[in-house]
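If you read the sequences in order, they're chains A and B.
Residue numbering for the first sequence follows the numbering used here, starting at 1 and increasing by one per position.
Residue numbering for the second sequence follows the numbering used here, starting at 1 and increasing by one per position.
By construction, the Cβ of each residue, glycine as well, lies at the ideal position given by its N, Cα and C atoms.
Computed from a prediction, not measured in an experiment: that's the story for all the values here.
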Amino acid sequence: MRNPLSSTITQIKPSGIRKFFDIVSEMNDPDVISLGVGEPDFETPWHIRDEGIYSLEKGRTFYTSNAGLVELREEISKYLKRRYDLSYDARTEMLVTVGGSEAIDIALRAMVDPGDEVLIPQPSYVSYEPCAVLAGAKPVIIELKHENQFRLTAQELEDAITDKTKILILPFPNNPTGAIMERKDLEAIAEVIIKHDLFVLSDEIYSELCYTDHHVSIANIPGMWERTVLINGFSKSHAMTGWRLGYACAPEHIIEQMYKIHQFCIMCAPTTSQYAAIDAMRNGDEDVQKMRESYNQRRRFLVHAFQEMGLECFEPFGAFYIFPCIKEFGMTSDEFAMKFLEAEKVAVVPGTAFGDSGEGFLRISYAYSLEKLKVAVERLNRFVTKLRENK
Amino acid sequence: MREQILAIIEKNSRIDLRELAIILGVDETTILNEMENMEKEGVICGYHTLIDWEKTDVEKVNALIEVRVTPQRGNGFDSVAERIYKYPEVHAVYLISGGYDLLVTLEGKSLKEVSRFVSEKLSILDPVISTATHFILKKYKDHGTILGKKETDERMQITP
C-alpha cells in the first residue's frame with residue numbers, strides 16, 4: 001500500500017508538552033500538584049454562561065454569518081477602541097474565529113507563499129512553527145534572551161531578516177516567559193519592520209493580563225496598523241478557553257482572503273459561544289479587572305518566593321507564567337522537571353517545550369489558588385535546598 | 001489600597017500581615033497602619049469564622065423573622081431596632097423596604113427556644129404590630145461561600 005501521509009505533516013514533531021502530559025496523567029496521584037496548566041483557573045463568569053444557556057433555550061442553534069454575528073463584531077470593535085485605542089471596522093476588518101489558534105493558522109495561510117520566511121521569536125507558544133510549516137513557509141527562529149527579559153530587540157530582529165522574510169510573529173504578553181513589550185520596545189522594532197517592508201502577526205491573547213500600566217498593541221504604533229494582523233480572543237481575558245472563541249483584525253484586503261479559508265474550512269465559530277461573548281464584551285470589564293488583580297497577587301507572591309529561594313528569575317509583567325532559570329543545577333530543563341515531579345510531586349513544564357532557547361528554564365503557571373501555590377513553593381524550596389546541599 | 005485589603009480579608013481574615021504585604025506589593029507597615037485605622041474607624045468590625053454547623057454535633061436552629069413595627073416619634077425605627085438587637089440571641093437586624101419593616105435573624109438551640117423568644121420577648125414589645133417567623137431548613141450558600149461542596153479542578157493537568 002502507498003504511504004497515506006503527507007511528508008509535510010510527518011516531519012512535524014508532536015508538541016513536547018504531550019510527553020509530559022502523559023507522564024503526569026499516568027501517575028494518577030491525587031497528591032500531585034500541577035503548575036503546568038496554560039488556562040485560567042477561574043470558571044467563565046456566570047452572567048456570560050447564562051447568556052450562552054439563554055441562547056440555547058431560545059433555539060439559537062444555527063450557523064451564524066461566516067465572519068461572526070454582526071452584533072458581536074460591533075461589540076469587539078467598541079472594546080478594542082475602549083481598551084487599546086484601536087480602530088477596526090466591524091464589517092470589513094474583523095473575523096470571529098475558533099479561538100486565537102484558528103486565527104494564527106488562517107492568517108499565515110492567507111499571507112505566505114512557499115519559501116517565504118516567517119520569523120518566530122522563541123520561547124513562545126507551540127503552534128506558530130507548525131502552522132508556518134503547514135502554510136508552506138520557512139520558519140526562522142529568533143532566540144530571545146534572558147538578559148533582555150525575553151523581549152524582542154530591534155537588533156535581534158534586524159539580524160534575522162533576509163530578502164525572503166515576510167512576516168514576524170509577535171507573541172506578547174508571552175506564554176511561557178511572561179515577558180511583555182512596552183511602547184518603547186515596540187517603537188524600536190516597528191522601525192525595522194517598516195524599513196524591511198514586513199508584516200506582523202501580533203498574538204495578543206494575553207493582552208488583558210498585563211501588570212504594568214496598560215498593554216500596548218503594535219497596531220497602535222504609527223505606520224503599523226496597515227502591516228498588522230491582530231489576534232485576540234476570549235480564552236484568557238474572560239476565562240473562556242473551552243468556548244473556543246477568538247478573532248482576527250486586519251486591513252480589509254487581508255481579512256478578505258482569511259475570510260475565504262475560514263468560510264471553506266470552518267464555516268463559522270460556535271454560535272452559543274458567540275452569543276455568550278456579546279455579554280462578555282458588554283458586561284465583562286469588571287470580571288476581567290478582578291481576575292487580573294487576583295493573578296497579580298499570585299504573581300507578586302511567586303516573584304517574592306523565588307527571590308527568597310535565590311532562584312534567578314526576571315520579573316514577568318504579563319500572562320500568568322513565571323520563567324525561572326535553573327541552570328545553576330547543571331541539569332537540562334527536562335531532567336529538572338522530571339526529577340522535581342518524582343521527588344516532590346509537582347508538575348511544571350520544561351522551557352524547551354517552547355523552543356530550544358527555553359533550555360535551562362521552567363514554565364510555572366500561576367493560574368492556581370494561592371493556597372496551592374504556597375504548597376508548591378514549599379516543595380520547590382525543599383527540592384532546591386537538597387540539590388544545593390548535594391552539590 | 002483599602003479596598004484591596006478589604007477584598008482579601010473579607011474572604012480570608014486569617015491571612016498574615018507579611019503575606020498580605022507581599023501579594024499587594026507594599027510594605028508591612030502600610031498594611032498594619034491601614035488595618036488599624038480601619039478598625040478604629042469601624043470599617044472593620046470584627047474577624048469572624050464561617051462555620052457549617054451542620055457538620056458538627058451542635059444543634060442549632062436559625063430563623064428569619066419579619067417584624068412590622070410602629071415607628072417612634074423622633075427616631076423612627078432606630079429605638080425599636082435597638083430594643084431588639086440588644087438580645088444576645090439576635091444575630092442581625094436590618095431595616096427593610098417593602099411589606100414589613102425589620103428583618104431579624106435569630107439563632108437558638110431548638111424550635112421551642114426560638115418560638116419562645118418570639119412569643120415572649122419580641123411580640124410583646126409595644127411598637128411591634130406583627131411578626132412572621134421563617135425557620136431555615138438548609139443553608140446552601142452563606143457569606144458568598146457555597147457550603148458542603150468541595151471544589152475540583154476540571155482542567156487537564158498539562159496544557160500548552
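Coarse secondary structure for residue i, derived from DSSP in three states
i	result
B/LEU106	strand
A/ILE180	coil
A/GLN122	strand
A/ASN28	coil
A/MET111	helix
A/ARG2	coil
B/ASP27	coil
A/ASP238	Checking the sequence, you will find His at residue 238 of chain A rather than Asp. Looking at A/HIS238 - three-state DSSP - the assignment turns out to be coil, as it is neither helix nor strand.
A/THR165	strand
A/LYS145	coil
A/CYS265	helix
A/VAL192	helix
A/ASN390	coil
A/ALA353	helix
A/LYS138	strand
A/THR393	No statement about residue 393 of chain A is possible, as the shown extent of chain A runs from 1 to 391 and does not include it.
A/TYR128	helix
A/PHE361	strand
B/VAL206	The requested residue 206 of chain B is not part of the displayed model; chain B covers only 1 to 160.
B/SER97	coil
B/LEU125	coil
A/ILE205	coil
A/ALA319	coil
A/VAL346	strand
B/HIS134	strand
B/ILE146	strand
A/ASN381	helix
Residues near residue i by beta carbon distance below 8 Å, same chain, minus five either side
i	result
A/VAL37	SER365, ALA367, TYR368
A/PRO24	Reading off the sequence shown, one finds Val at residue 24 of chain A, where the question assumed Pro. Excluding residues within five positions, the ones whose Cβ falls inside 8 Å are VAL32, SER34, GLY36, LEU341, ALA347.
A/ASP89	SER77, GLU252
B/THR145	LEU50
B/MET1	LEU24, VAL26, THR30, GLU34
8 Å Cβ cutoff, residue i in contact with chain D
i	result
A/VAL126	The structure shown has no chain D; the protein chains it does contain are A and B.
Cutoff 7 Å; reference residue i; Cβ partners in own chain excluding five residues on either side
i	result
A/PHE42	ALA239, MET291
A/THR64	CYS268, THR271, GLN274
A/ASN296	TYR211
B/THR70	PRO127, ILE129
A/GLY233	GLY99, GLY100, ILE205, LEU245, GLY246, TYR247
A/ASP279	HIS47, ILE48, GLU51
A/ARG282	GLU75
A/SER87	LYS81
B/ARG83	LEU125
Other residues of its chain near residue i: CB distance less than 6 Å, five sequence neighbours each side excluded
i	result
B/ILE31	LEU17, LEU20, ALA21
A/PHE306	CYS313, PRO324
B/LYS139	LEU147
A/GLU39	THR241
B/HIS143	LEU50
A/GLN243	According to the sequence as given, residue 243 of chain A is Trp; it is not Gln. Taken in chain order, the residues that qualify are SER273.
B/ILE44	MET38
Next item on the list: Would you list, in chain order, the members of the stretch 13–38 of chain A that have their beta-carbon closer than 7 Å to a beta-carbon of chain B?
Entry: SER15, ILE17, PHE20, PHE21, VAL24, SER25, SER34, GLY36, VAL37, GLY38
Check: Does the pairing of the stretch 330–347 of chain A with the stretch 148–155 of chain A give three or more beta-carbon distances under 8 Å?
Finding: no
Checklist line | Contacting positions in the stretch 19–33 of chain B - beta carbon closer than 9 Å to chain A | finding: GLU19, ILE22, ILE23, LEU24, GLY25
Margin query: As an exercise, report each continuous alpha helix (DSSP H) stretch of at least 4 residues that is fully enclosed by the stretch 16–99 of chain A, in chain order.
Written below: 16–27, 46–57, 70–84
Note to self: Does the structure place the stretch 5–12 of chain A close enough to the stretch 111–126 of chain B that three or more beta carbon pairs sit under 8 Å?
What the structure shows: no
Margin query: To be precise: take each residue of the stretch 144–158 of chain B, compare its Cβ to all Cβ atoms of chain A, and keep it if any distance is under 8 Å. Which residues remain?
Written below: ASP153, ARG155, MET156, GLN157, ILE158
Margin query: Taking 8 Å as the cut-off, does the stretch 36–48 of chain B touch the stretch 102–109 of chain B (at least 3 CB pairs, one atom from each stretch)?
Written below: no
Note to self: Please identify, using Cβ separations under 8 Å, the residues of the stretch 128–146 of chain A that lie next to chain B, in order along the chain.
What the structure shows: none
Item checked: Sequence ranges, alpha helix (DSSP H) only - wholly within the stretch 9–74 of chain B, length at least 4 -> 17–24, 28–40
Check: Is the stretch 155–166 of chain A in contact with the stretch 323–337 of chain A, if contact means three or more CB pairs nearer than 8 Å?
Finding: no
Note to self: For the stretch 373–381 of chain A against the stretch 52–60 of chain A, do three or more pairs of beta-carbon atoms, one drawn from each stretch, fall closer than 8 Å, so that the two count as touching?
What the structure shows: no
Note to self: By the 9 Å beta-carbon criterion, what residues does the stretch 267–298 of chain A contribute toward chain B?
What the structure shows: LYS290, GLU293, ASN296, GLN297, ARG298
Note to self: With three or more C-beta pairs closer than 8 Å as the rule, is the stretch 369–376 of chain A touching the stretch 191–198 of chain A?
What the structure shows: no
Check: Any residues in the stretch 160–179 of chain A with a beta carbon nearer than 8 Å to a beta carbon of chain B? Which ones, in chain order?
Finding: ASN175
Note to self: Counting beta carbon pairs with one atom in the stretch 78–97 of chain A and one in the stretch 124–136 of chain A, are three or more of them shorter than 8 Å?
What the structure shows: no
Next item on the list: With 7 Å as the limit, tell me which residues of the stretch 326–352 of chain A have their beta carbon closer than that to any beta carbon of chain B; keep them in chain order.
Entry: ALA347, VAL349
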